Every structure is written in structure tokens, then in C-alpha cells.
Amino acid sequence: MTEFGRYLNQHVKCSCGQRHFVPIEKIVVDDGALEQLIPYVTTRLPILIVDDDVTKVVLGDRVEKECCNAFGDSYVHHLTLKNNEHLVADQVALDTARVAIEQFGPNIIIAVGSGTITDIARYSSFIADRPFIAVPTAPSVDGYASGVAALQLNGMKVTKPAQSPIAIFALPSILSQAPFELIQAGFGDLAGKVTSLLDWKLAHVLYHENWCDEAFKLVNDPLHFCIAHAEQIKNREGSVITELFKGLVSSGIAMAMMGNSRPASGCEHHFSHYWDYKAYLGIRPFRSHGLQVGFATHFTMRLYEHLAQVGVIHEPTLLSVYPTWMDDLRSRWGDSTDAVSKEQQEKIRWLKECKNFTSWSNLDGTVLMDKIGVDKAFLRLAHQALLLMSIKDKVPFVDVDDNLLAETVLHANEVRARFTLLDFYQGQNLLHPEIFIAM
86 MTEFGRYLNQ
96 HVKCSCGQRH
106 FVPIEKIVVD
116 DGALEQLIPY
126 VTTRLPILIV
136 DDDVTKVVLG
146 DRVEKECCNA
156 FGDSYVHHLT
166 LKNNEHLVAD
176 QVALDTARVA
186 IEQFGPNIII
196 AVGSGTITDI
206 ARYSSFIADR
216 PFIAVPTAPS
226 VDGYASGVAA
236 LQLNGMKVTK
246 PAQSPIAIFA
256 LPSILSQAPF
266 ELIQAGFGDL
276 AGKVTSLLDW
286 KLAHVLYHEN
296 WCDEAFKLVN
306 DPLHFCIAHA
316 EQIKNREGSV
326 ITELFKGLVS
336 SGIAMAMMGN
346 SRPASGCEHH
356 FSHYWDYKAY
366 LGIRPFRSHG
376 LQVGFATHFT
386 MRLYEHLAQV
396 GVIHEPTLLS
406 VYPTWMDDLR
416 SRWGDSTDAV
426 SKEQQEKIRW
436 LKECKNFTSW
446 SNLDGTVLMD
456 KIGVDKAFLR
466 LAHQALLLMS
476 IKDKVPFVDV
486 DDNLLAETVL
496 HANEVRARFT
506 LLDFYQGQNL
516 LHPEIFIAM
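If you count the sequence shown from 1, you need to add 85 to reach my numbering.
Structure (C-alpha cells):
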């Protein structure tokens, strides 16, 4: 797989014309990682360890013990957030972390946990202008190396500018012992790159959005490896679980290179964000992000396969603000309407700014599939790999039923300004739930 070491903590002049900088100094994936953590933080005392009541038992207490033995109790502080079955990176959790940072005055924060803990520490440390270190406990998400934080604010899953960790210290023995649902989640999140990469290429081909071959490769190589090794991942083979984790970190590095989540988040993530909003409303339970993404990927892959049946592609019907637009949004989004409105108005602005439909002449669905590199054989492999990991391709799954799935197809593209295949179908007046019935 593609190695990401050369991108760390240095300016890299890229073939895409950009100069990338990933502000991560060190990544250690080794069972001796904690022994390397201690000298790394020696000059950054005092420290604040942030975990939850699950990851505290898994690894947080061990990190605290190692640090206390090395530095003394007075330099080590510990915040354990209440999991309550499903910890959410919401305002309550952020405020709790903020108060702890103000109280203890750490020079560095150490996040011990998976995606939610990492995002809480990432954003809180960013606001407090403190660096943070990630000590992952599961190969469950691609966000460990990312520079943005996925938060649940006023019901909406939003991505806020934050910071990458200055270092990541991961223990393969801990990663491979994670609950199987978290391994499933990591696999689902990585498998979602099948369509996030296609969405990125689609926006590049149709609207000339910035593209980077190196960032693409950092995501694409681990994706292919893990799809090919799904059975070994399911069987928890240690070396392959380590590669799954490295693949997720590699995706995070690609995001850090581009300054946003574009390489690793497309319409499959928008499905998941829509379901998170429904969970916030109490309509369904919160479920694992990666499981939701993996489930959604079954359907977004079908949408890409369906392109061949679209026929001639026309100049799209562009989004616009009409007289009852805000009322329509409010009927779906309630208190989150203003946030959704801002995303959609940004999308309207971007589509108008980038439109150049001369390149669309003589374009049909089959030609477009070739241009963006839709590989039907690989889509089938990804589909089977997801099933092998017990991530289903039919409702009900992750508390999504037929009605919610139909609603999601129509409205998931409202959660972000980012152009995806859902927006393409909408522009062709082809976005409707029945599209799945025809497949």
C-alpha cells in the first residue's frame, strides 16, 4: 500500500500544482507505542488525558499510569466522559472538555478512544490553542489524522475546521481486540471511499473541482487492499487489522493534504449524516458512523452502476432559491434550517461559478462512467466484501427502513455544500426513490 510517511510535517510540492502540508510530526503503530509516547510529551507537561468510561478501561488508565510513573501525579490530569451507550461529540461534551482544559491548564491533550473522543479532543484543543495527540483504541474511523472535526451541533452533523493531532500512537494488540462492531465500522468507513472517490472525480470532470492524484492514491490503495482482504479482517488477523487502521489513517492524511474531507466523504457520508439527524430527533437510535456509511455505500454504488441507463446527459437544472424555499427546508430540518440553508446557498453559488457545460456536449451516462473510472467489477467486489463483514445491503439495517431510505435519497444532499452523484441526478431531474426499484 501507499506509504504516508513522506507527507508528515513537511511541505510537499505535489504534481497537482499545490504545496501540501500535513502537520503531524509522528505516527507510531507498534505495541511499544506508549514507551515512545512518554519521551515525546516530556517537554509538553502538564498533560490532560481525555477518554470515556469504556476507553478508560481499555487503555486510558494504562496511559495515565505510564505518564504518572514518568512525570508524577501533579503533571497528569484525566477527564473521563460518560459514554451512556453512545457518546456524541455535541455541545455538552465540548463544554465539558473546555471546562477541564481551563481548570487544569494542560500544554497538551491526549485523546484515548475512537472517533468521537478524538473529535471532542481535536476541536476542544483547537479552540484552546493547545496541541493534541491521538491514542486510538479501535480501527473504526478515518478521522484520526484529519484536520477537521465531525460534530453534532443543533441536531446537524457538521464538519468544523479544527486541527490534526501532532502525533498518533497506536497499539496493534489493542486495535485487534476492539469490539467487532468497531472493526466493521472501520471497514464500512473505508469501503465508503469507493463512492467518495467517484464523487470527487465526478465533480472534477463536470465542474473542474481541484484534483490531486497523490491524495487519491493515499485513499485508493488502502481501499483496494482492504476490499481484497475482507475475510482476514473479519477473522481479526492482526497484521491485516493493522493495515486497515493504517488505511484509515492514510485517508485522514489525504484529507489533511487537501484541507477538507473531499477525498474520503461523499454521498454515502451524506446518507449517514441524514440518519444522524433523525437520531438526534429521537426518531431512531444513534448507530455507528462506519456501519451507516458501509450500509449507504451499497446504495450509492448502485447509483453509479445505474449511470449507464441515464442516456443522454443534459445541461442540468441548477438549484435556486424560490419563494417557499425556506419553508420547505424548515418542514424537514426544524432548528437546523439555517445551517442547511447556508450549505445549500454555498452549493448554489459554487455550481453557478463553476458551470461550463461545453464539456458536457455528446456526454451520456456510459461515457461519463468511463471518464470518472467506474469499475463495475470492483463495485461487485466491494459489495461482496461488505456483505462478508455482515454489513447488509437491504433494509432494515442500522434502524433504517424503507420510508427513511426513500426520504434519504431525496434529501441527504441537503446536508452539505459538496457536489455528489445525488446532485447530479437531481440536476438531471432523475433523483427519486424509485431509482432503487429499477436496479
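Don't be surprised by glycine CBs; every beta carbon is placed ideally from N, CA and C. Bear in mind that the values here come from a model prediction, so they are computed numbers and not experimental data.
Can you tell me where the alpha helix (DSSP H) with residue i in it begins and where it stops?
i	result
Ala-467	461-473
His-309	298-313
Phe-330	323-343
Gln-44	Absent from the model: residue 44. The displayed extent of the chain is 86 to 524, so no value can be given.
Report the option in the options whose CA atom is closest to the CA atom of residue i.
i	options	result
Asp-361	Ile-123, Tyr-92, His-171 and Lys-278	His-171
Gly-157	Asp-180, Leu-164 and Pro-131	Pro-131
Leu-403	Ala-424, Ala-393, Glu-266 and Lys-440	Lys-440
Thr-382	Asp-478, Met-454 and Lys-98	Asp-478
His-496	Asp-227, Gly-228 and Val-425	Val-425
Val-142	Gln-188, Ile-520, Leu-506 and Lys-167	Lys-167
Leu-516	Arg-503, Ala-502 and Asn-498	Asn-498
Ala-491	Asp-115, Leu-471 and Glu-519	Glu-519
Glu-88	Asp-115, Phe-356, Ile-338 and Ser-100	Ile-338
Gly-228	Ser-346, Thr-127 and Val-139	Ser-346
Arg-387	Gly-117, Ala-467 and Ser-405	Ala-467
Arg-465	Asn-154, Ile-312 and Gly-90	Ile-312
Ala-525	Lys-286, Leu-119, Ile-476 and Thr-422	The chain is shown from 86 up to 524; residue 525 falls before or after that span and cannot be answered.
Gln-269	Val-378, Glu-120, Asn-239 and Thr-203	Val-378
Glu-120	Glu-151, Arg-91, Thr-140 and Lys-98	Glu-151
Ala-230	Gly-240, Thr-203 and Lys-245	Thr-203
Thr-128	Val-113, Pro-108, Gly-102 and Ala-155	Ala-155
Phe-189	Val-97, Leu-164 and Gly-117	Leu-164
Glu-428	Gln-511, Thr-244 and Gln-237	Thr-244
How about residue i and residue j: do their beta carbons lie closer than 9 Å?
i	j	result
Ala-182	Ser-225	no
Asp-306	Ser-335	yes
Pro-348	Ser-249	no
Val-494	Lys-242	no
Glu-110	Ala-213	no
Met-340	Gly-200	no
Leu-283	Met-342	no
Leu-179	Val-148	no
Val-395	Gln-317	no
Ile-205	Ala-255	no
Ile-368	Ser-405	no
Ala-315	Leu-471	yes
Tyr-125	Ile-218	yes
Gly-240	Ser-421	yes
Kindly examine the ligand GDP and report whether one of its heavy atoms sits closer than 8 Å to the Cβ of residue i.
i	result
Ile-520	For the structure depicted, the ligand GDP is absent and the ligand set is empty, with no information on it obtainable.
Just how far apart, CA to CA, sit residue i and residue j?
i	j	result
Lys-278	Gly-351	8 Å
Ala-263	Thr-385	28 Å
Ala-443	Trp-410	With the sequence shown as reference, residue 443 is identified as Thr, and Ala is not the correct amino acid for it. The alpha-carbon atoms of Thr-443 and Trp-410 are separated by roughly 30 Å.
Pro-191	Met-454	51 Å
Leu-448	His-354	27 Å
His-105	Gln-95	8 Å
Lys-319	Thr-222	17 Å
Asp-413	His-309	41 Å
Val-459	Glu-390	8 Å
Trp-445	Met-474	39 Å
Phe-211	Arg-417	32 Å
Asn-295	Glu-438	14 Å
Gln-176	Val-397	47 Å
Pro-216	Tyr-365	30 Å
Phe-265	Phe-380	16 Å
Val-325	Gly-145	24 Å
Val-161	Val-220	16 Å
Ala-393	Tyr-359	27 Å
Asp-274	Leu-376	7 Å
Gly-419	Lys-363	11 Å
Asn-169	Pro-401	46 Å
Tyr-292	Lys-456	13 Å
His-399	Thr-505	17 Å
Quick one: is residue i near chain B, going by C-beta distance under 9 Å?
i	result
Phe-463	No chain B is present in this structure, which holds just one protein chain.
In the DSSP assignment, find the beta strand (DSSP E) that holds residue i and state where it starts and stops.
i	result
Ile-195	193-198
His-496	Looking at the DSSP string, His-496 is not in any beta strand (DSSP E); the run it does join, the alpha helix (DSSP H), is 487-496.
His-163	161-166
Pro-221	217-221
Val-114	111-114
His-289	Note, His-289: premise wrong, no beta strand (DSSP E); alpha helix (DSSP H) at 278-292.
Ile-368	Here Ile-368 belongs to no beta strand (DSSP E), and DSSP marks it neither H nor E.
His-105	104-106
Thr-244	241-246
Lys-98	96-98
Gln-511	Premise fails: Gln-511 lies in the alpha helix (DSSP H), 506-512, not in any beta strand (DSSP E).
- When the Cβ atoms of the segment 191-211 are set against those of the segment 129-142, are three or more pairs found closer than 8 Å? yes
- Does the segment 479-488 come close enough to the segment 367-376 to have 3 or more Cβ pairs within less than 8 Å? With three or more CB-CB distances shorter than 8 Å, the segment 479-488 counts as touching the segment 367-376.
- Query: Do the segment 325-335 and the segment 256-270 touch if we need at least three Cβ pairs shorter than 8 Å?
  - Reply: yes
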